[in-house]
Amino acid sequence: MGMILAAPGIAFAQPPSADSEAPFDDSGGSETADDTGQHGRINGHLPPRQENVDVVSKLRLTGVEDGIGDVTVFKDTAYLAAYVGECGSSGVHIVDISDVENPVKIGFIPTDVGSFVAEGVQVIAVRTLHFQGDVLIFNNELCAESETPTGGATMVDVTDPSNPKILAEGFGDFDTAGVPDDRGFAHQVHSAFLWQAGIKAYAVLVDDEEVEDVDIFDVTNPTRPVKIAEYDLAAMFPQILQPEIPTLTEVFFHDVIVKRIDEIPGQISQLLPGRQVMLASYWDAGQVALDVSDPTTPIFLGDTDFTNPDPELLESTGDTRVPEGNAHQAEFTKDDEYVIGADEDFDPYALEGRNLTDDTPLNAGQG
């Protein structure tokens, strides 16, 4: 399936598509999803709403069901993660949207055969002493059947989107708790994000394989990324936890953005680093805001808590239950006054477990 463009503004939906070898066209057609989608069943959720948005075009990328995991737009180009059930055909679709009514696929960047892209696709302009151009970053998740996959993340020069050039493939964390893994490939990464601060550029990776799951890299020279820090936010800032709620036990890094938000707007030259604020989606710990102006020494700014009882369930049904958690992704509003966050809703109720022999609570997770 493919991509939908809508107006006013440009809004992208994520219906299926993924295989780089399958034919594609812009003939449109209806998009549907079954009950076994990428993020679980679609029934039993709040009804969808559409207001002030009109579909202006559609583009069929491939025939793979549920195949788009992420999308980013930079200048006149859209980059879409080809999320696939089987490895060997994942990567990033490149689509020219300069004419929004007639989008055209102009390229595809494949991942290694043992890896796939999930939810970490982003492009920024990088201007450093080592590089001047536009850089795409995408994550690499590992295929279970592959013995030598490419983990970590990959950066690509997309200054000319029709002629992408690999800058660094599979960079990431190659050790656990300071001990080298000795396996030849980096940790699996679920998402990734780039930002520039003054004359420096950085990347943050969501490390799926250890508790120090916030990995920071200096990518001022994007052909030679260097790991400079890694954090376990639960250990560094225990105030983000809600131990009094028995269901909020899955605490890990899921997604992230970093944005320059100066304490005195407009008072600092854009040539200087300014204050860089990271917004980390930390699952059952909520959304966590950090000052990462010095990425090696993050400063806690604040975090969100999950209301108990779950307010949506209480309002909709009158039922009183503990919250499910699952802080999935968030963005700052344009004026930086608010955060818009999304929790990934797997089930109507949070999962609770108890030992039937001695009636003691059990840690229970949904995934």
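When you line the sequence shown up against the working numbering, it's residues 1260 to 1626, in that order.
All residues carry an ideal CB built from backbone N, CA and C; glycine is no exception.
The structure presented is a predicted model; accordingly, all values stated were derived computationally and were not measured.
Runs of the beta strand (DSSP E) spanning 3 or more residues and lying entirely within the segment 1531-1556 occur at 1535-1540 and 1546-1550, in chain order. Taking a C-beta distance under 9 Å as the contact criterion, ASN1361 and GLY1379 do not qualify as a contact pair. ALA1544 is positioned such that its CB atom lies no closer than 9 Å to that of LEU1615. In the pairwise beta carbon analysis, the segment 1462-1480 is classified as touching the segment 1434-1451: at least three pairs are separated by under 8 Å. Per the DSSP secondary-structure output, MET1414 pairs in a beta bridge with ILE1396 and ALA1427. Taking C-beta atoms as the reference points, THR1506 and GLU1603 fail to come closer than 9 Å.
Assignment of SER1374 by DSSP, reduced to helix, strand and coil, places it in the strand class. DSSP places ALA1403 outside both helix and strand once states are collapsed to three, so it counts as coil. Between GLY1373 and THR1413, the CB-CB gap reaches or exceeds 9 Å.
Boundaries of the alpha helix (DSSP H) around LEU1572: 1570-1576. Short of 6 Å from the beta carbon of ASP1329, and not among the five residues preceding or following it, lie these beta carbons of its own chain, in chain order: ALA1340, GLU1378 and VAL1380. As the crow flies, the alpha-carbon of ASN1422 is around 12 Å from that of ASP1393. Looking at the backbone, the Cα of LEU1318 and that of SER1357 are separated by about 14 Å.
In this chain, ALA1586 is not harboured by any alpha helix (DSSP H); it is covered by the beta strand (DSSP E) spanning 1586-1591. Taking C-beta separations shorter than 7 Å and ignoring five residues to either side along the sequence, the partners of PHE1390 in its chain run ASN1480 and PRO1481, following chain order. Contact fails between the segment 1505-1521 and the segment 1482-1489, because fewer than three Cβ pairs, one in each stretch, are under 8 Å apart.
For PRO1497, the three-state secondary structure derived from DSSP is helix.
Between PHE1452 and the set ASP1432, ILE1475, THR1556 and PRO1306, the nearest pair of CA atoms involves ILE1475. Within the same chain, Cβ atoms closer than 6 Å to the Cβ of MET1537 are found at VAL1517, LEU1549 and VAL1551, the five residues on either side in sequence being excluded. Of the other Cβ atoms in all chains shown, 16 or more fall within 10 Å of the Cβ of GLN1546; this residue is therefore buried.
Per the C-alpha coordinates, the member of GLU1574, THR1566, ASP1441 and ILE1396 positioned closest to VAL1478 is ILE1396. When the alpha-carbon of PHE1433 is set against those of ASP1472, ASN1585, PHE1591 and ARG1442, the nearest one is in ARG1442. Rounded to whole angstroms, the separation of the alpha carbons of GLY1437 and ARG1613 is 36 Å. Linking VAL1415 to PHE1559 through their CA atoms gives a straight-line distance of about 32 Å.
Per DSSP, the beta bridge partners of ILE1368 are VAL1351. Your pair PRO1420 and ILE1368 does not check out as a contact, with CB atoms roughly 10 Å apart and the cut at 8 Å. VAL1448 is bridged by DSSP to ASP1466.
Between ASP1562 and PHE1496, the C-beta spacing is below 9 Å. For LEU1560, the enclosing beta strand (DSSP E) starts and ends at 1558-1562. Listed in chain order, the non-local C-beta contacts of ASP1578 below 6 Å within the same chain comprise LEU1572, local neighbours out to five positions each way being set aside. Secondary-structure assignment with DSSP links PRO1620 through a beta bridge to ARG1613. Distances from the alpha-carbon of THR1387 to those of GLY1457, PHE1605, ASP1521 and THR1321 put GLY1457 closest.
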